[in-house]
């Protein structure tokens, strides 16, 4: 470029070459590289999806990830309030590799930490925050606008398994995600719990893993194993608890109860009743195949849906519905819909071959439904089916899908029955024998009374003797003699007293004795001093010794 | 200014390698044998090309995330500018200022300065050679210090690898940023400040702009 060089080398070719020197490759490469970097960055950012949620709780722009089966496929970029101010719209940047997840039917929901006694799921979300789970649908791609789910959906329909519905009177502690056990082994779980407002029942959507779906058959009973069961029996108290986990989190078990019939396989969507406990399940070994309608002309207070329908104490069905909507207008009788298992009934009734017309035949033979009190404590009623002797002949009627079993009024007829049974009981009492025994007892009492009377006579005689004895003169004088004797005793005692003669003599004698003792003492003293005085006398000694001095 | 006589006027060239001044007619340095030029050959051309390359990389350097911090709090990808803004918002004005000046202001000023120098060498901008020389000096001196960012990221990437708790990975911008710094340094290095006074002498002589 320097001018000197140019002037020295004036060749055009050189100049041309210099103008396009190889140095210019650098910015060219740089431009291409930089452009490629920027393009790649934006290309790699992937597609945007807009998902609408009710709230953006625990979703954070730039942080919350979108995952599909725990694989990160995108990230939330922006959260904005929707125009209607009732929801939020999250902008999700889906990784370009996963762009085909955005298709029709894809479902998105927020996974938040959930810690329960049985499982701790989404623990990582406690620290990392919630994430959005994406479940790819099978619709056409690409779709960029979604409505997010507020609740995690039930297991994807793509996952093989059995989907059942359990219906229960009471939800208990069975909740979504509670396990379903088969002989204590977890084979599935509750996916959703909903309240069926129309029927006032709780419905559970249950998913049974594909591996275990064969275990569920027609006739399978489901029961709640959440609680602790305490039964008091002849052998004391028995406490049975489910697994600790089921106790805490709730759970349900199923099996075909003993004596029950394990039917064919069930299909998706089959509805089962969820019993409150195993006992209730065991008592209900029947497959209801008939829906019957009963019309009661009395109050059904105490009869609830699910109440048992029994044939001579064996449950063969249950009450399904109590509602006036089944009764023709103007009919004030209470219609009760029950479902019963006619097979069980057929087994119990003689000479029924055509199982299709069991009910018809039974009703012809006098099968009637009555309301009976199941528990005096609660006043709960159940429907009792039984052959009523002497019932008015009736036929099985039909009303739509229901068969109408005639009922027996539990008012008069039942009272009559009860009176009859009481009378027959009285009749059967062994009255004669009892009366005979009464006679014997009376005889024995008479004998006893006689004995008692003679004893009393003897006692009277003894008393008379005693009286006589007391009345005699000797007996009367005893007191005077006693008095005299006492007087003498008193005088002798008083003579002994300080003024008495005896005592005066005694003191005199004592004085003399004292004087004698004194004399003896003098004697013994003089002997001690001069033993020879015994021989020589007191004055025999020449040596006068002043005795007083010595003393 | 014509009383100052430059080496070029005497036909003397300093060796690029060892600095020995020899007559340019020798073509090769008698001491080290490298080629002799009066001025750096293709100086402006090289400066421009490196400068353009640097400017090309300046865009991705600022648009793309420079650092990925993945950890318990989730992922954060910061570009240089968003990092500066974050620091500013947190109240770390000093850190924000340092990063801003080292990573955004200095590269930009450097490029502007180089453009200006190139234009001045061509005679499209007027300034005293003294000021231009000072500008060039500052440009070359300060240039390498904007590598600070690259070092910071490199150090962080080495130090912060704690798995789930926190992991720092370099973003695509860091390469572009390093290239910006390196290319501006090349650009500044390949510029020959002696072109100023050649130009100045020409102007003073009343000559027309130099023919390349």
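Chains as they are written, first to last, in full-length UniProt numbering: chain A, 1 to 551; chain B, 1 to 212.
Even glycine gets a Cβ: it sits at the ideal position worked out from N, Cα and C.
Contacting residues, own chain, Cβ-Cβ under 7 Å from residue i (five flanking each side not counted)
i, result
"residue 169/A", "201 and 306"
"residue 345/A", "311, 316, 358 and 362"
"residue 339/A", "288, 290, 291, 317, 318 and 320"
Contact check, residue i vs residue j, beta carbons under 8 Å
i, j, result
"residue 296/A", "residue 385/A", "no"
"residue 263/A", "residue 217/A", "yes"
"residue 178/A", "residue 82/A", "no"
"residue 134/A", "residue 68/A", "yes"
"residue 123/B", "residue 203/B", "yes"
"residue 32/B", "residue 22/B", "no"
"residue 111/A", "residue 148/A", "no"
"residue 51/B", "residue 187/B", "yes"
"residue 164/A", "residue 226/A", "no"
"residue 241/B", "residue 64/B", "Nothing in the structure corresponds to residue 241/B, since chain B is present only between 1 and 212."
"residue 39/B", "residue 121/B", "no"
"residue 94/A", "residue 47/A", "yes"
"residue 108/A", "residue 141/A", "no"
"residue 177/B", "residue 47/B", "no"
"residue 215/A", "residue 190/A", "no"
"residue 56/B", "residue 30/A", "yes"
Contact with chain A by residue i, beta-carbon distance below 8 Å
i, result
"residue 174/B", "no"
"residue 60/B", "yes"
"residue 42/B", "yes"
"residue 166/B", "no"
"residue 1/B", "A caution first: residue 1/B carries a pLDDT of 46, below 50, which makes its placement in the model unreliable, though a value can still be read off. With 8 Å as the cut-off, residue 1/B does not count as an interface residue toward chain A."
For residue i, the nearest candidate out of the options (CA to CA)
i, options, result
"residue 65/A", "81/A, 90/A and 84/A", "90/A"
"residue 77/A", "131/A, 269/A and 139/A", "131/A"
"residue 22/A", "42/B, 26/B, 168/B and 113/B", "42/B"
"residue 128/B", "197/B, 24/B and 85/B", "197/B"
"residue 138/B", "84/B, 119/B, 156/B and 111/B", "111/B"
"residue 337/A", "75/A, 514/A, 404/A and 93/A", "404/A"
"residue 85/A", "59/A, 104/A and 52/A", "52/A"
"residue 205/A", "180/A, 212/A and 29/A", "180/A"
"residue 150/B", "116/B, 180/B and 92/B", "180/B"
"residue 342/A", "280/A, 360/A and 104/A", "360/A"
"residue 334/A", "443/A, 406/A and 525/A", "406/A"
"residue 395/A", "364/A, 425/A and 382/A", "364/A"
"residue 374/A", "367/A, 331/A and 382/A", "382/A"
"residue 92/A", "50/A, 56/A and 98/A", "50/A"
Cross-chain neighbours of residue i in chain A, by beta carbon under 8 Å
i, result
"residue 63/B", "38 and 41"
"residue 199/B", "Chain A residues near residue 199/B: none, gap ~11 Å exceeds 8 Å."
Sequence-distant residues of its chain with Cβ nearer than 6 Å to residue i (five each side left out)
i, result
"residue 536/A", "none"
"residue 222/A", "166, 252, 254, 272 and 274"
"residue 278/A", "223"
"residue 68/B", "77, 169 and 171"
"residue 526/A", "533"
"residue 133/B", "193"
"residue 369/A", "294, 383, 385, 405 and 407"
Interface flag, residue i vs chain E, CB-CB below 8 Å
i, result
"residue 73/A", "Given the protein chain composition of this structure (A and B), no chain E is represented."
Interface partners of residue i on chain B, CB under 8 Å
i, result
"residue 31/A", "52, 53 and 56"
Interface residues of chain A facing residue i [CB-CB closer than 7 Å]
i, result
"residue 76/B", "62"
"residue 49/B", "23, 24, 26 and 27"
Residue-chain proximity (residue i, chain B), Cβ-Cβ < 8 Å
i, result
"residue 96/A", "no"
"residue 26/A", "yes"
Proximal residues of chain B, C-beta to C-beta of residue i below 7 Å
i, result
"residue 34/A", "56, 57, 59, 60 and 176"
Closer than 7 Å: residue i CB and nearest the ligand ZN heavy atom
i, result
"residue 185/B", "This structure lacks the ligand ZN; in fact it carries no ligand of any kind."
Own chain, CB closer than 8 Å to residue i, minus 5 neighbours either side, in chain order
i, result
"residue 104/B", "62, 80, 81 and 84"
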